[in-house]
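Visitor: The structure under discussion is supplied below as structure tokens; questions concerning it will follow.
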Amino acid sequence: MSDKTSFLEASQKLKNVASQISGLPIKYVIAVDFVGFQRLIGYGLDGIDVEVSQTFEDPWYPIAGEQLNPCGHSPEEIAQLTAEYSGFELEKQFACRYEQLYFPQGMVKMEGGDALKYVRSRHSSSDFDRSRRQAEVLLGIRRKLFSLNALQDVPKYFQALSQYVSTDLNLEIVEYLAPLFLDADQFSSKSIVLSTENVLSSQKNAAGAFVLVPQMGHNQWQAIKDFIQKEIQ
Numbered sequence: 119m120s121d122k123t124s125f126l127e128a129s130q131k132l133k134n135v136a137s138q139i140s141g142l143p144i145k146y147v148i149a150v151d152f153v154g155f156q157r158l159i160g161y162g163l164d165g166i167d168v169e170v171s172q173t174f175e176d177p178w179y180p181i182a183g184e185q186l187n188p189c190g191h192s193p194e195e196i197a198q199l200t201a202e203y204s205g206f207e208l209e210k211q212f213a214c215r216y217e218q219l220y221f222p223q224g225m226v227k228m229e230g231g232d233a234l235k236y237v238r239s240r241h242s243s244s245d246f247d248r249s250r251r252q253a254e255v256l257l258g259i260r261r262k263l264f265s266l267n268a269l270q271d272v273p274k275y276f277q278a279l280s281q282y283v284s285t286d287l288n289l290e291i292v293e294y295l296a297p298l299f300l301d302a303d304q305f306s307s308k309s310i311v312l313s314t315e316n317v318l319s320s321q322k323n324a325a326g327a328f329v330l331v332p333q334m335g336h337n338q339w340q341a342i343k344d345f346i347q348k349e350i351q
């Protein structure tokens, strides 16, 4: 089975599940891995401006390739630390494996690596806050595409940027949809957040991990669909 076939099968399952939960028709998928994400923003778009809604700091962002660095500890010291600590508290004993992130409130110019760190950071906030940061980066990408007048020649930019992503869109579909994008900058964007403050409940599964389920019960999606419809009206 080719990578393309595997992607198409996986994307179809993803679209089916997303539609089942949201009640919205999901026709196409665009997926990007970490490398593609950095190249898309850094090379494809030459950086983006992200409106950071609140100052963000994370003193414990892992440095790639440093996860086994002993940080000057001897094998005996590492054994002692391992006996005394566990989980993230153990990792904190190896500070050289981490870097501190800081993004001030306001418009921030981000290259690919900066944007990836901003959307991935977990230690200083919740998953819901991480979703907010991811939405801010998406708006930054949208803003950059508008500034490049990319929507005046959607097929050209689709071909240029598609090397960084996987998608079930093709050039024929993009050319058909292109006229719809010409006035896209005249419309505002709205983020709808599903959280424990509206339609979700935080619970533990059989393995002891925290999971989010509908407040109405497992696989009961109607309240979520109704909430989304109300928000987009």
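Note that the numbering used here numbers the sequence shown so that position 84 is 202, with each residue one more than the last.
All residues carry an ideal CB built from backbone N, CA and C; glycine is no exception.
Quick caveat: nothing in here was measured; it's all calculated off a predicted structure.
Mapping DSSP to helix, strand and coil, what is Lys133?
Guide: Counting from 1 along the sequence shown, the entry for residue 133 is found at position 15. Helix, per DSSP.
Visitor: Just to confirm, is the Cβ distance from Phe246 to Ser307 under 7 Å?
Guide: The residue given as residue 246 occupies position 128 in the sequence shown. The residue given as residue 307 occupies position 189 in the sequence shown. No.
Visitor: Closest Cβ-Cβ distance between Gln223 and chain C: below 7 Å?
Guide: Given the protein chain composition of this structure (a single chain), no chain C is represented.
Visitor: What are the boundary residues of the alpha helix (DSSP H) that includes Leu219?
Guide: The sequence position of residue 219 within the sequence shown is 101, counting from 1. Counting along the chain, Leu219 falls outside any alpha helix (DSSP H), though it belongs to the beta strand (DSSP E) covering Tyr216 to Phe221.
Visitor: Quick one: Cα of Met228 to Cα of Glu169, how far?
Guide: Counting from 1 along the sequence shown, the entry for residue 228 is found at position 110. Counting from 1 along the sequence shown, the entry for residue 169 is found at position 51. Each residue's Cα considered, the two are about 10 Å apart.
Visitor: State the CB to CB distance for the pair Val262 and Leu163, rounded to an integer number of angstroms; the pair is presumed to be in contact (CB under 8 Å).
Guide: By 1-based counting over the sequence shown, the position of residue 262 is 144. By 1-based counting over the sequence shown, the position of residue 163 is 45. Strictly speaking, residue 262 in this sequence is Lys, with Val absent from that position. Indeed, because the Cβ distance is near 5 Å, the residues count as touching under 8 Å.
Visitor: Beta carbon of Gly258, beta carbon of Asp344: below 7 Å?
Guide: Here the question's residue 258 lines up with position 140 in the sequence shown. Here the question's residue 344 lines up with position 226 in the sequence shown. No, these two residues do not count as a Cβ contact at 7 Å.
Visitor: I think Val335 touches Gly230, with their Cβ atoms under 8 Å apart; what is that distance to the nearest whole Å?
Guide: For the purposes of this step, residue 335 is taken as the residue at position 217 of the sequence shown. For the purposes of this step, residue 230 is taken as the residue at position 112 of the sequence shown. What sits at residue 335 in the sequence shown is Gly, not Val. No, Gly335 and Gly230 are not in contact; Cβ-Cβ is about 41 Å, not under 8 Å.
Visitor: Drop a sphere of 10 angstroms on the beta-carbon of Tyr294, count the other beta-carbons inside from all chains shown, and report buried for 16 or more, exposed for fewer.
Guide: Indexing the sequence shown from 1 puts residue 294 at position 176. When all chains shown are included, Tyr294 counts as exposed.
Visitor: Who are Val329's beta bridge partners in DSSP?
Guide: Working through the sequence shown from its first residue, we reach residue 329 at position 211. Partner(s): Gln321.
Visitor: Alpha carbon to alpha carbon, how far is Leu279 from Thr123?
Guide: Your numbering for residue 279 matches position 161 in the sequence shown. Your numbering for residue 123 matches position 5 in the sequence shown. Using only the alpha carbons, I get a separation of about 21 Å.
Visitor: With distances taken Cα to Cα, identify the nearest neighbour of Ser309 among Gln321, Ser249 and Phe212.
Guide: Against the sequence shown, residue 309 aligns to sequence position 191. Taking only the C-alpha atoms, the option nearest Ser309 is Ser249.
Visitor: If you count every other CB in all the chains shown that lies within 10 Å of the CB of Ala233, and 16 or more means buried, which is it?
Guide: If you number the sequence shown from 1, residue 233 lands on position 115. Buried, since its Cβ has 16 or more Cβ neighbours within 10 Å.
Visitor: Using three-state DSSP, classify Gly165 as helix, strand or coil.
Guide: Numbered from 1 along the sequence shown, position 47 holds the residue referred to as residue 165. Three-state result, Gly165: coil.
Visitor: What residue from Ser320, Met225, Ser140 and Thr200 has the CA that sits closest to Val255's CA?
Guide: One-based indexing of the sequence shown puts residue 255 at position 137. It is Met225.
Visitor: Going by beta-carbon coordinates alone, are Tyr216 and Pro180 separated by less than 7 Å?
Guide: Residue mapping note: residue 216 aligns to position 98 of the sequence shown, counting from 1. Residue mapping note: residue 180 aligns to position 62 of the sequence shown, counting from 1. Yes, Cβ-Cβ distance for Tyr216 and Pro180 is below 7 Å.
Visitor: From Phe276 to Ala296, what distance separates their C-alpha atoms?
Guide: Stepping through the sequence shown from its first residue, residue 276 is reached at position 158. Stepping through the sequence shown from its first residue, residue 296 is reached at position 178. For Phe276 and Ala296, the distance between alpha carbons rounds to 10 Å.
Visitor: So the candidates are Glu349, Ser129, Tyr236 and Pro222; which of them puts its Cα closest to the Cα of Val317?
Guide: Locating residue 317 in the sequence shown gives position 199, where the first residue counts as 1. Comparing Cα positions, the closest option is Glu349.
Visitor: Counting C-beta neighbours from all protein chains within 10 Å, is the total for Ile148 16 or more, i.e. buried, or is it exposed?
Guide: Counted from its first residue, the sequence shown places residue 148 at position 30. Ile148 comes out exposed.
Visitor: Please name the residue or residues paired with Glu175 in a DSSP beta bridge.
Guide: On the sequence shown, position 57 is the one that residue 175 refers to. Looking at the DSSP assignment, Glu175 forms a beta bridge with Tyr220.
Visitor: Once DSSP output is grouped into helix, strand and coil, what is the label at Thr200?
Guide: Here residue 200 refers to the residue found at position 82 when the sequence shown is read from its first residue. Thr200: helix per DSSP, three-state reduction.
Visitor: Which residues in the same chain have their Cβ closer than 7 Å to the Cβ of Gln333, if we skip the five residues on either side of it in sequence?
Guide: Counting from 1 along the sequence shown, the entry for residue 333 is found at position 215. Taken in chain order, the residues that qualify are Val317, Leu318, Ser319 and Ala341.
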